[in-house]
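Undergrad:
Structure follows, in C-alpha cells:
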C-alpha cells in the first residue's frame with residue numbers, strides 16, 4: 002500500500018479533525034487512570050472477573066478487539082506518525098492490519114495429556130494474573146494491540162506503561178480495545194494505563210506486588226530493568242540485523258527484497274535489514290539492481306560523511322557513537338534535505354558502499370540508510386555478519402540458492418529469526434508463514450511471543466483413574 006504526499010496530508014487532516022471532536026472526558030476513565038496504583042488495582046479487580054470466563058468467552062472478546070484494530074487502523078497509524086514523528090503511515094497501517102489478522106488467540110493454548118498405568122496427568126496453560134507491559138515509541142499502537150490480544154487470550158489482564166513519546170497513540174489504541182471489549186459484553190479495565198506515563202510510574206509497575214509478570218519491548222536498558230525486577234520477565238531487546246548475499250542468489254529479487262525490508266516503516270522495526278554484506282562476485286550487480294529502483298539513492302563519500310555528522314555523535318576518547326534520536330525513523334528525503342540535497346522526491350532509501358568498520362554498519366541507526374559491505378567470499382561475509390550482529394541473536398537474513406551456505410549461516414549466527422530469500426518482515430508473518438508478534442524475546446528465550454508466552458504451566462495428576470485402555 003503506497004500513499005502519495007497529497008493523500009497522506011488529506012488523511013492526517015481528516016483524522017485529526019475527527020479526533021478533536023471526541024469527548025475526551027468520557028474516555029478518560031476507559032482504562033486510563035491518574036496513577037499507576039489505580040491502574041494496577043483496576044486491572045487486578047478486572048482479572049478476578051475475567052478469570053471466570055471460558056475460552057469461548059475470551060475468544061469472543063478477542064474477535065471484537067481484532068475488529069476494533071482494523072476499524073481504527075488508519076486513524077491510529079496517522080496519529081502514531083503525527084505524535085512520534087517517526088515512521089510511515091502506510092506501513093504502520095499494515096502493521097496494525099497484520100496484528101489484527103495474524104496475532105494468535107486462544108487456539109495456541111493446547112492442553113497436554115499423559116496416560117499410563119498410573120493414571121492421567123494434564124498439563125494446561127494458566128494465567129499469571131496482571132501483566133505489566135512496557136511499550137516503545139517506535140511501534141506504539143501495534144505493540145499495545147498485539148500484546149493485548151496475546152495476554153488476554155492467556156487469561157490475564159494487562160497494565161501498559163507506554164513510551165512518553167507516543168503515549169497518545171498508545172492510549173488511543175488502548176481505549177478503542179476497551180470499548181470493543183465492553184460492547185462485546187466483557188468487563189471494564191482488562192487493559193489499563195496512566196494518562197501521563199513516566200519513569201516513576203514504570204518503576205511503580207515493576208515493583209508492585211499485584212503485577213505477576215513484566216514484559217518489555219525496547220532497548221537493552223529496558224530489558225535490563227525488567228530482568229532486575231525480581232518477577233517473571235520477558236525482554237525483547239535491540240538488534241542490528243545483517244543480510245548476506247552470495248553469488249548464487251537471485252540478484253534482482255535480493256535487491257528488491259532488501260530495499261523493501263530496509264525501508265519498511267523507515268527502518269524502525271528491530272528486525273529490519275540494517276546492513277548488507279555482499280560477496281565480491283555479485284557486489285556491483287546488486288548495487289546496479291538496487292539503483293534501478295527509483296526510490297533508491299546512492300550516497301557519495303562526501304554525502305555519507307555529512308550524514309554521519311548529522312545522525313551520529315562521536316565520542317572521540319572512547320571511539321564510540323550514539324544515535325541522534327531526532328533523526329530516527331525519518332524519511333530518506335528528510336535526511337537528504339538536512340545535508341542540503343533538496344527536491345529528492347520519491348527517494349525512500351539511501352545506500353552507501355561502506356567498509357565493515359563504518360559507523361553506518363556498526364550502529365543500529367533505525368533510519369532508511371543501507372550500508373553495503375563487500376566481502377571476498379561467503380566465509381568472510383558470514384564473519385562480518387556475525388561481528389555486526391553483536392551476539393544479540395535477534396534477526397538475520399540471507400539471499401542464496403546454496404543450501405549449505407544457508408544452513409551454515411543459520412547455525413553460525415544463531416538468531417531468533419533467520420529469513421531466507423525474502424524481506425526481513427517475512428520473519429514475523431508478513432509475506433511469510435507463521436504468526437505475528439512485535440515482542441521478539443531473544444534475551445529471555447521465548448522468541449516470537451504469543452499467548453502461551455504469557456502463561457504459567459499447571460499440572461493436574463489423577464492416579465489410578467481415567468485411564469480407559
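Numbering (my numbering), first residue to last: 2 to 470. By construction, the Cβ of each residue, glycine as well, lies at the ideal position given by its N, Cα and C atoms.
1. Give me the residue from 405, 173 and 451 with the minimum Cα distance to residue 195.
2. Mind listing, in chain order, the continuous alpha helix (DSSP H) runs of no fewer than 4 residues lying wholly within the segment 52-88?
3. Can you give me the start and stop residues for the beta strand (DSSP E) that residue 396 sits inside?
4. Return the first residue and the last residue of the beta strand (DSSP E) that residue 123 is part of.
5. Starting from residue 113, follow its DSSP beta bridges and name the residues at the other end.
6. In chain order, what residues of the same chain lie with their CB nearer than 8 Å to the CB of residue 269, ignoring the 5 residues before and after it?
7. Express the C-alpha separation of residue 93 and residue 538 in angstroms, rounding to a whole number.
8. Assign residue 274 to one of two classes, buried (16 or more other C-beta atoms within 10 Å of its C-beta) or exposed (fewer than that).
9. Are the Cβ atoms of residue 443 and residue 394 separated by less than 8 Å?
10. If you check the beta carbons only, do residue 128 and residue 456 fall under 8 Å apart?
11. Am I right that residue 262 and residue 426 are in contact with their C-beta atoms under 8 Å? What's the rounded C-beta distance?
12. Mapping DSSP to helix, strand and coil, what is residue 329?
13. Excluding the five sequence neighbours on either side, which residues of its own chain have a C-beta within less than 7 Å of the C-beta of residue 167, listed in chain order?
14. Contact between the segment 109-123 and the segment 30-44: three or more CB pairs below 8 Å?
15. Can you list, in chain order, the residues of its chain with a C-beta nearer than 6 Å to that of residue 312? Leave out the 5 residues immediately preceding and following it.
16. Drop a sphere of 10 angstroms on the beta-carbon of residue 240, count the other beta-carbons inside from all chains shown, and report buried for 16 or more, exposed for fewer.
17. Are the beta-carbon atoms belonging to residue 132 and residue 231 less than 8 Å from one another?
18. Are the CB atoms of residue 414 and residue 376 nearer to each other than 8 Å?
19. Are there three or more Cβ pairs, one per stretch, closer than 8 Å when the segment 48-65 is compared with the segment 182-191?
20. Leaving out the 5 sequence neighbours to the left and right, which residues in its chain are closer than 7 Å to residue 486 when beta-carbon positions are compared?
21. Leaving aside the five residues before and after residue 106 along the sequence, list all residues of the same chain whose C-beta is less than 7 Å from its C-beta, in chain order.
22. Just curious, the alpha helix (DSSP H) that residue 345 is in, first and last residue?
23. Which residues bound the alpha helix (DSSP H) around residue 466?
24. Using only CA atoms, which one of 115, 391, 74 and 49 lies nearest to residue 460?
25. By a C-beta neighbour count over all protein chains shown, 10 Å radius and 16 as the cutoff for buried, is residue 462 buried or exposed?
26. What does DSSP give as the partner residue(s) for residue 34 in the beta ladder?
27. For the alpha helix (DSSP H) holding residue 359, just list the boundary residues, first then last.
28. Taking the alpha-carbon positions, what's the residue 100 to residue 143 distance?
29. For residue 191 versus residue 47, is the C-beta distance shorter than 8 Å?
30. Drop a sphere of 10 angstroms on the beta-carbon of residue 295, count the other beta-carbons inside from all chains shown, and report buried for 16 or more, exposed for fewer.
31. Of all the options 354, 55 and 306, which has the alpha carbon lying nearest to the alpha carbon of residue 281?
32. From the DSSP output, read off the bridge partner residues of residue 421.
33. Tell me which residues share the same chain as residue 224 and place their Cβ nearer than 7 Å to its Cβ, disregarding the 5 neighbours each side in the sequence.
34. Give me the DSSP bridge partner(s) of residue 458.
35. Between which two residues does the beta strand (DSSP E) harbouring residue 386 extend?
36. How far does the beta strand (DSSP E) with residue 426 in it extend, from its first residue to its last?
TA: Inspection of the coordinates gives the following:
1. With distances taken between Cα atoms, residue 195 lies closest to 173.
2. Listed in chain order, the complete alpha helix (DSSP H) runs (minimum 4 residues) inside the segment 52-88 are 56-85.
3. DSSP places residue 396 in the uninterrupted beta strand (DSSP E) bounded by 396-400.
4. Note, residue 123: beta strand (DSSP E), 120-128.
5. The partner list for residue 113 (beta bridge, DSSP) reads 124.
6. Excluding residues within five positions, the ones whose Cβ falls inside 8 Å are 87, 88, 139, 140, 329, 330 and 367.
7. One cannot answer for residue 538 here, as it falls past the ends of the chain, which runs 2 to 470.
8. Buried, by the Cβ-count rule.
9. Contact annotation: residue 443 and residue 394 have beta-carbon atoms nearer than 8 Å.
10. Less than 8 Å divides the Cβ of residue 128 from the Cβ of residue 456.
11. Confirmed, about 6 Å.
12. Coil at residue 329, not helix or strand.
13. These residues qualify, in order along the chain: 81, 84, 85, 138 and 141.
14. As far as the Cβ criterion goes, the segment 109-123 does not touch the segment 30-44, which means the pair count is below three.
15. Closer than 6 Å at the Cβ level, and outside the excluded window around residue 312, lie 325 and 328.
16. By the neighbour-count rule (16 or more Cβ atoms within 10 Å), residue 240 is buried.
17. Result no, Cβ atoms of residue 132 and residue 231 do not sit closer than 8 Å.
18. Remark: C-beta atoms of residue 414 and residue 376 do not approach each other more closely than 8 Å.
19. The segment 48-65 is in contact with the segment 182-191.
20. Not covered by the structure: residue 486. The range shown for the chain is 2 to 470.
21. Around residue 106: 60, 63, 150, 154 and 452.
22. Where residue 345 is concerned, there is no enclosing alpha helix (DSSP H), given that its DSSP letter is neither H nor E.
23. Annotation for residue 466: no alpha helix (DSSP H) segment contains it, and DSSP assigns it neither H nor E.
24. Comparing Cα-Cα distances from residue 460 to each of 115, 391, 74 and 49, the minimum goes to 115.
25. Exposed is the call here.
26. Partner(s): 195.
27. Following the DSSP letters along the chain, one finds residue 359 in no alpha helix (DSSP H), marked with neither H nor E.
28. Approximately 7 Å, taken between the alpha carbons.
29. In contact: residue 191 and residue 47 (Cβ atoms closer than 8 Å).
30. With a threshold of 16 other beta carbon atoms within 10 Å, residue 295 falls short and is exposed.
31. Comparing Cα-Cα distances from residue 281 to each of 354, 55 and 306, the minimum goes to 354.
32. Residue 421 is bridged by DSSP to 399.
33. The answer, listed in chain order, is 217, 236, 238 and 444.
34. DSSP lists 126 as partners of residue 458.
35. Residue 386: not part of any beta strand (DSSP E); member of the alpha helix (DSSP H) spanning 379-390, first to last residue.
36. From DSSP, residue 426 is part of no beta strand (DSSP E); its letter is neither H nor E.
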